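Student:
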Amino acid sequence: TKGGYEHYMYKEIHEQPGALRRTTQSRLNTHAGGVELEEFPPESFADVKQVHLLAMGTSHHAGMYAASLLNSRGIPAYAFMAGEYSVIKPPVTPDTLVVAVSQSGETADTLDAVRRARAAGARTLAVTNVVGSSITRECDDELLIRAGPEIGVAATKTFSSQVTALTLLTERIVEDVTGAKSPEARDLMEALSRLPGDVQEVLDTSMAREIAIEYEGSDAYFFIGRGAAHPVALEGALKFKEISYEHAEGFAASELKHGPLALVTPLSPVFAIFTGHEDEATLSNVKEVQARGAPVIAITSDRSGEVTEFADHVLRIPDTHPDIAGVLANVQLQLVAYHAADLLERPIDKPRNLAKCVTVE
Ligand code: M6R
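Number 378 in the numbering used here belongs to position 99 of the sequence shown; there are no gaps in the numbering.
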């Protein structure tokens, strides 16, 4: 049941602290800064030379996020939209780890792509929320995200749990491949142990409804971010368009000047995601859109610095490790999308034309 909430989506947004506790349960060693995955004995990933992440929709954004973390640690990683991977010859070698990311474990595009990768000789791993789903049968191994059942068509808590599980996997791959924990590991594990409480703080203090009210009736809604914040921008826009039916687009902040800036007007609020990585560069993009009259809503942990000074509004997130700040920013954007759709009285749990699980290609 919806347990007193008006929509499953809102309930599931609020279930995130518990979901994240389950995702990390008995997997975090904050003391040693290590990751313990009972499914994978030491050195399970020692031979991995590159990682392909295959997924669709929100799960693809989680895959992009993981690719960003892996690449930043020197492990070559590529996130593919599974439906596009199926139209190429899988560019795999026997030392490619192919990770299929799917909440349901039943998405046709993702199943087909991972089947092709496996047939081409890659090792395959399913990262899913559903025990015994088709994707777990197609793959050599599985890593469960343990978010609990998700009913709303809009994926919310499963994105947070996917990113968290993939962050754990990233650190394990780095440790197995290099024989040492990444320099980030200890701080990141600590940040992950605080993440459920940090998400709760966002839920308790968010001003997302006020922002949704202020900008109701805009022509379009844009989302920008760099590095791991780029997939968060895409995810913020996907959630917004999917349930509000308003025009929303996400861009890499670096892409703005190469075209999208032409769309920016005083009637297109821009949500800018700051994670503590490359914030200076994103701030200069903020100034560019403001010069075209667009209001800027910064999602940031900054309290008194330049970001807060320049932004028209701030949606605050707790200070945390930059590699995981995107999860907190995304919770703010989930709430903005929810309230925008609620103000428009949309059928939030069952948006038009969409199904929870896409079982045809
Ligand atoms: O079950 P999956 O994670 O494989 O589903 C993939 C997409 O269909 C899904 O994330 C979709 O984009 C959601 N409606 C997004 O909210």
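Ideal Cβ placement from N, Cα and C applies to all residues, glycine included.
Treat the numbers as computed from the prediction; the structure is a model and nothing was measured.
Threshold first: 4 residues or longer. Then list the alpha helix (DSSP H) segments lying entirely within the segment 433-515, N to C.
Tutor: Segments of the alpha helix (DSSP H) lying fully in the segment 433-515: 436-457, 464-484, 487-493.
Student: Taking M288 as the reference, which of V639, A616, T638 has the closest Cα?
Tutor: Position 9 of the sequence shown holds residue 288. Selected option, being the one with the closest Cα: A616.
Student: Identify the continuous beta strand (DSSP E) that holds H293 and give its terminal residues.
Tutor: Counted from its first residue, the sequence shown places residue 293 at position 14. Taken as a continuous stretch (DSSP letters only), H293 belongs to no beta strand (DSSP E), being part of the alpha helix (DSSP H) at 287-293.
Student: Which whole-angstrom value describes the C-beta separation of I503 and L482, a residue pair presumed to lie in contact below a C-beta threshold of 8 Å?
Tutor: For this step, residue 503 is matched to residue 224 along the sequence shown. For this step, residue 482 is matched to residue 203 along the sequence shown. Contact doesn't hold; Cβ gap of about 24 Å is too wide.
Student: Go ahead and label K566 buried or exposed: buried means 16 or more other beta carbons lie within 10 angstroms of its beta carbon, across all protein chains shown.
Tutor: Taking the sequence shown and counting its residues from 1, the one referred to as residue 566 is at position 287. By the 10 Å Cβ count, K566 comes out exposed.
Student: Quick check for students: name the residue ranges of the alpha helix (DSSP H) that lie wholly in the segment 351-425, counting only runs of 4 or more.
Tutor: 361-364, 387-398, 413-417, all fully within the segment 351-425.
Student: Under the rule that 16 or more other beta-carbon atoms within 10 Å means buried, what is R582, buried or exposed?
Tutor: Along the sequence shown, read from residue 1 onward, the residue named residue 582 stands at position 303. It is exposed - the Cβ of R582 has fewer than 16 other Cβ atoms within 10 Å.
Student: In terms of residue numbering, what span does the alpha helix (DSSP H) encompassing H618 cover?
Tutor: Here residue 618 refers to the residue found at position 339 when the sequence shown is read from its first residue. Element bounds for H618: 601-622.
Student: List the endpoints of the continuous beta strand (DSSP E) containing T544.
Tutor: Along the sequence shown, read from residue 1 onward, the residue named residue 544 stands at position 265. It is not in any beta strand (DSSP E) - T544 carries neither H nor E in the DSSP assignment.
Student: Rank S439, K520, K635 by C-alpha distance to the C-alpha of L623 and give the top, closest one.
Tutor: Against the sequence shown, residue 623 aligns to sequence position 344. Considering only alpha carbons, the answer is K520.
Student: Identify the residues that DSSP records as bridge partners of E530: which are they?
Tutor: Translated into positions along the sequence shown, residue 530 becomes position 251. The amino acid at residue 530 is misidentified as Glu; the sequence shows Phe. BP columns for F530 point to I503.
Student: Could you tell me which residues DSSP pairs with G313 in its beta bridges?
Tutor: Here residue 313 refers to the residue found at position 34 of the sequence shown. Partner(s): N308.
Student: DSSP on H556, reduced to helix/strand/coil?
Tutor: As a working mapping, residue 556 is identified with position 277 in the sequence shown. Residue state, collapsed to three classes: coil.
Student: Name the one or two DSSP bridge partners that I578 has.
Tutor: By one-based count along the sequence shown, residue 578 stands at place 299. Paired residues: I552, L594.
Student: If you draw a straight line from the C-alpha of F324 to the C-alpha of N308, how long is it?
Tutor: Working through the sequence shown from its first residue, we reach residue 324 at position 45. Working through the sequence shown from its first residue, we reach residue 308 at position 29. C-alpha separation (whole angstroms): 18 Å.
Student: Given this structure, state the Cα-to-Cα distance separating R416 from L390, to the nearest angstrom.
Tutor: Translated into the one-based positions of the sequence shown, residue 416 becomes position 137. Translated into the one-based positions of the sequence shown, residue 390 becomes position 111. When rounded, the distance between both Cα atoms is 10 Å.
Student: From E322 to I414, what does the alpha carbon distance come to, in whole angstroms?
Tutor: Residue numbering aside, residue 322 sits at position 43 when the sequence shown is read from its first letter. Residue numbering aside, residue 414 sits at position 135 when the sequence shown is read from its first letter. Spanning the two alpha carbons is a distance of roughly 24 Å.
Student: Since V377 and A346 should fall inside the 8 Å C-beta cutoff, what is the C-beta to C-beta distance between them, to a whole number of angstroms?
Tutor: Along the sequence shown, read from residue 1 onward, the residue named residue 377 stands at position 98. Along the sequence shown, read from residue 1 onward, the residue named residue 346 stands at position 67. About 13 Å; that fails the 8 Å criterion.
Student: Check whether the Cβ of L316 lies closer than 8 Å to any Cβ atom in chain D.
Tutor: The question asks about chain D, but that chain is absent: this structure has only one protein chain.
Student: Would you check if the segment 344-360 and the segment 506-514 touch, i.e. whether three or more CB-CB distances between them fall below 8 Å?
Tutor: Because the criterion of three Cβ pairs below 8 Å is met, the segment 506-514 and the segment 344-360 touch.
Student: Helix, strand or coil for V330, going by three-state DSSP, please let me know.
Tutor: On the sequence shown, position 51 is the one that residue 330 refers to. In this structure, V330 counts as strand in the three-state DSSP scheme.
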